[in-house]
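Note that the protein sequences, when read in sequence, are chains A and B. Following the working numbering, the numbering of the first sequence begins with 1 at its first residue and continues without gaps. Following the working numbering, the numbering of the second sequence begins with 1 at its first residue and continues without gaps. Written out below as structure tokens is the structure these notes cover.
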Amino acid sequence: MKDSIVAENIYKTFTLSAKQRKIEKSASGRKVALDGLSFSAREGEIYGLLGPNGAGKTTMLRILATLIRADRGDAYIMGHSVTKEAEKVRSCIGFLTSELKLEDFFTPDYLFDFFGRLRGMDEDAIALRKRTLFSKFGIDLFSQVKVGDLSTGMKQKVSLAVSIIHDPAVIIFDEPTNGLDVLTAKVVTDFLSEMKEQGKTIIVSTHIFSLVEKLCDRVGVIIGGKMAAEGTIEEVCCGKTLEDAFFDIYKRTVQGA
Amino acid sequence: MKNVLTIMRKEFARFFKDKRLVLGTLILPGVLIFAVYTLMGSAFNDSTQTYTVKVVHSSSAFVQMFETGDGGESVFSFEEAEEEDADAICESIRSGDVDALVVLPENFDAILAGGQFLPSGSAPEIQIFYDSTETSSYSAYNAIASVLTAFESAYGSLYSINFTGGGDLTSAQEASAEYYAMLLPFLVLVFLYSGCMGIAPESIAGEKERGTIATLLVTPIRRSELVVGKILSLSALSVLSAVSSFIGTFLSLPKLMGQGYGDAFAAYSVGQYFALFAVMITAVLLIVTLISILSSLARSVKEATTYAVPLMILVMLVGVSSMFFGAGGAAWPVFLIPVYNIVQVMAEIFSLRFSVVHFLITVASNLVYVVLLVLLLAKMFNNEKIIFNK
Ligand SMILES: Nc1ncnc2c1ncn2[C@@H]1O[C@H](COP(=O)(O)OP(=O)(O)OP(=O)(O)O)[C@@H](O)[C@H]1O
Ligand SMILES: [Mg+2]
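Have a look at this one:
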């Protein structure tokens with residue numbers, strides 16, 4: 001099987017402000033967020049990045065989405081380099097996180113058309129796609145309501161619809177179920193499974209074990225910006241529950257360091 | 001290019017669908033400025049003022065023209081004068097002791113009463129002397145001229161007012177032009193700046209603050225397309241806002257000075273209006289890109305507004321510079337200095353010393369600066385530390 005997402009030896013450091021430096025107790029003034037991270041996700045699978053707070057999951061996904069640049073190393077999405085072919089990468093991914101907001105002032109209907117145009121789609125294709133996605137996520141009734149007046153769950157659904165407007169081959173999702181009630185969370189996980197059925201490659205980040213167990217084909221455990229363990233759920237668990245396996249890996253990594 | 005248009009369309013939609021923004025940046029400034037200036041104007045030119053007017057060959061018919069119908073006191077106090085004193089009176093007009101001098105034909109009463117036959121073109125003349133740099137003299141002139149003009153047609157053109165024979169003792173155009181030359185560049189800059197301030201920080205720092213710009217950054221459009229789309233739409237909106245303020249000012253300044261609208265408008269040629277507009281456009285582009293750069297450095301609208309204060313002070317100081325250094329006569333390299341060149345060209349236009357060369361240097365150099373700044377901004381949009389620093 002082809003590797004749709006490949007990360008090779010990614011390093012990323014952040015310069016800390018004076019205040020952050022005190023909190024982090026870092027003398028150098030730099031925080032290493034990713035420390036030579038490598039992994040790959042195959043076509044048609046759901047890959048989970050699992051890790052505690054501050055492990056570097058969000059940083060990794062932002063690099064894949066070309067929002068920030070790695071200091072060293074490169075990543076490839078459908079064969080396009082995130083550092084050298086950022087625009088090509090962006091046209092074949094759908095990136096979703098709760099930090100990407102839609103303008104409160106506009107209606108879902110308007111925003112869908114707007115982002116469709118920015119994706120280079122023609123009006124007919126946009127209209128067709130809008131009908132499909134709006135009815136799928138139940139946005140129809142709210143299509144003329146300003147985003148600012150929508151509930152958190154509905155906002156998330158609109159963001160979801162807008163981010164996959166161009167039917168991307170790769171979907172990158174940071175904390176897919178954060179802040180959602182069980183019903184909306186289920187809509188999202190069902191949607192991800194369905195995308196997988198359609199042959200899309202999906203990478204999600206999370207610190208929720210059950211989500212990984214339910215959804216992911218393979219998982220990479222990140223601790224301190226390094227890959228601590230990688231493989232199918234069975235391989236990583238070694239017969240234990242994912243949670244117990246994680247604590248073992250965590251202990252091993254922290255003591256080894 | 002298509003993406004630039006898509007971005008612009010969205011920015012316009014954002015603006016025009018928001019009644020608060022439209023009211024606050026397009027309608028209110030013009031209306032408020034007009035209202036305030038007109039009020040100030042009527043306070044300055046209060047009607048209780050009386051004008052001292054010397055009249056050579058005074059006539060009762062002439063004085064009657066100025067008597068108010070309700071028997072109230074006339075605002076004019078007419079004093080008889082001799083023809084040979086004319087020069088001395090003109091001096092007093094310049095010094096402000098006398099407001100105007102009217103020279104009537106010798107037998108004015110007889111001409112009006114007798115209706116003696118006059119071949120056309122030989123109507124006896126009336127001359128009016130005044131000084132347009134003295135506000136009260138200028139209003140006196142306007143009042144007398146309009147009354148005489150009204151009666152001129154009523155009396156079947158038995159006399160004509162000879163505006164060239166009498167006249168402004170400075171020079172009508174230059175005098176009011178001097179006033180505009182000093183005040184207007186400053187006002188225009190203030191309006192342009194506040195127009196940009198109402199729109200640009202909201203569109204750039206605001207989008208950063210609310211996290212909506214990141215959504216745009218993950219679409220395949222280039223950062224430069226986003227920058228150009230934003231700058232162009234913000235400039236267009238700022239121009240609209242500036243036009244609103246400008247119309248308000250232009251309509252009210254004559255009131256403020258107590259003169260008729262016509263004179264103010266007639267002083268400039270179509271070409272000069274075009275030049276003024278072109279310079280204003282480059283000013284808007286320059287200010288919008290500068291504020292946009294500051295806004296993209298800021299994390300929030302509030303921060304952007306704070307960053308913009310020093311720039312505003314700088315721009316305002318340059319704006320009042322024409323009052324100290326005067327307008328016109330500057331060497332051409334001066335017109336390469338951004339913002340200052342805008343003030344100087346505007347001052348030249350308003351003081352009727354328009355120079356095409358200075359105008360072209362200004363427009364060209366400003367466009368170069370804008371292009372460089374837009375490139376810088378596009379670079380900044382590519383920098384995660386700037387555009388993605390939450
Ligand atoms: N812009 C930044 N400036 C400074 N430090 C940063 C910045 N972004 C991230 N970091 C640091 O890098 C590390 C990794 O952060 P990241 O957000 O990727 O973690 P995460 O795995 O997503 O954590 P969480 O589960 O809490 O979302 C953290 O220690 C964080 O403080
Ligand atoms: Mg995170």
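Positions of the beta carbon are idealized from the N, C-alpha and C atoms, including for glycine. Predicted, not measured: the structure shown is a model, and the values here were computed from it.
Are any of the Cβ atoms in chain A nearer than 8 Å to that of residue i?
i	result
B/L372	no
B/E191	In the sequence as presented, Glu is not what sits at residue 191 of chain B; that position holds Phe. Closer than 8 Å: no.
B/R299	no
B/A214	yes
B/I221	yes
B/E303	no
B/C230	Position check: residue 230 of chain B holds Lys in this sequence, whereas Cys was assumed. Closer than 8 Å: no.
B/K430	Coverage of chain B is limited to positions 1 through 390, which leaves residue 430 of chain B absent and any answer about it impossible.
Could you tell me the distance, in whole angstroms, from the CA atom of residue i to the CA atom of residue j?
i	j	result
A/S38	A/G220	10 Å
B/S355	B/V345	8 Å
A/K84	B/N382	13 Å
A/T15	A/I23	13 Å
A/G79	A/K2	10 Å
A/A311	A/A7	It is not possible to answer for residue 311 of chain A, since the shown part of chain A is limited to 1 through 257.
A/E243	A/F209	6 Å
B/G195	B/K19	16 Å
A/R11	A/L192	It should be pointed out that residue 11 of chain A corresponds to Tyr in this sequence rather than to Arg. Rounded to whole angstroms, A/Y11 to A/L192 spans 29 Å at the Cα level.
B/I144	B/D87	20 Å
A/K157	A/I139	8 Å
B/I89	B/I247	39 Å
B/L112	B/A61	8 Å
A/A185	A/K88	30 Å
A/I223	A/R62	17 Å
B/F335	B/A364	10 Å
B/S439	B/S77	The structure shown does not extend to residue 439 of chain B, since chain B is modelled only from 1 to 390, so the question has no answer here.
B/E448	B/E67	Outside the shown range of chain B, which is 1 to 390, sits residue 448 of chain B, and nothing can be said about it.
B/L372	B/L234	17 Å
A/V212	A/E45	12 Å
B/S139	B/P310	41 Å
A/E235	A/V254	21 Å
Output yes if chain B places a C-beta closer than 8 Å to the C-beta of residue i; else output no.
i	result
A/E45	no
A/A65	yes
A/F112	no
A/R42	no
A/S91	yes
A/E87	yes
A/F137	no
A/F142	no
Using a Cβ cut-off of 9 Å, pull out every chain B residue sitting near residue i, in sequence order please.
i	result
A/R21	Per Cβ cutoff of 9 Å: no residues; A/R21 is ~16 Å from chain B at best.
A/E175	Under the 9 Å cutoff, chain B gives no residues; its nearest Cβ is about 15 Å from A/E175.
If the cut is a Cβ gap below 9 Å, which residues of chain A does residue i touch?
i	result
B/P338	Simply none; closest approach about 33 Å.
B/D411	In the structure as shown, chain B begins at 1 and stops at 390. Residue 411 of chain B is therefore absent and cannot be evaluated.
B/T249	Result: empty, since nearest Cβ-Cβ is about 31 Å, beyond 9 Å.
B/T6	F114, R117 and L118
List, in chain order, every chain A residue whose beta-carbon is nearer than 8 Å to that of residue i.
i	result
B/R14	E103, F105 and F106
B/R210	K101, E103 and D104
Going along chain B in order, which residues have a C-beta closer than 8 Å to the C-beta of residue i?
i	result
A/I68	E384 and F388
A/F95	V218
Identify the contact partners of residue i in chain A, using a Cβ-Cβ distance below 7 Å as the criterion.
i	result
B/N3	L118
B/L217	L67
B/T25	Neighbours of B/T25 on chain A: none; closest Cβ ~15 Å, over 7 Å.
Review point. Three or more beta-carbon pairs under 8 Å between the stretch 61-81 of chain A and the stretch 119-130 of chain A, yes or no?
Key: no
Check your understanding: Are the stretch 89-100 of chain B and the stretch 122-131 of chain B touching, with three or more C-beta to C-beta distances below 8 Å?
Key -> yes
Exercise for review: Closer than 7 Å is what we want: which residues have a beta carbon that near any heavy atom of ligand 2? List them in chain order.
Suggested key: A/K57, A/T58, A/D174, A/E175 and A/S205
Point to revise | Cβ pair count under 8 Å reaching 3, the stretch 212-225 of chain B against the stretch 91-102 of chain A | key: yes
Review point. Would you call the stretch 110-119 of chain A and the stretch 23-32 of chain B touching, i.e. three or more CB-CB distances under 8 Å?
Key: no
**Study point:** Sufficient close CB pairs (3 or more, under 8 Å) joining the stretch 135-153 of chain A to the stretch 40-57 of chain A
**Key:** no
Review point. With a cut-off of 8 Å, do at least 3 Cβ pairs link the stretch 196-210 of chain B to the stretch 286-296 of chain B?
Key: yes
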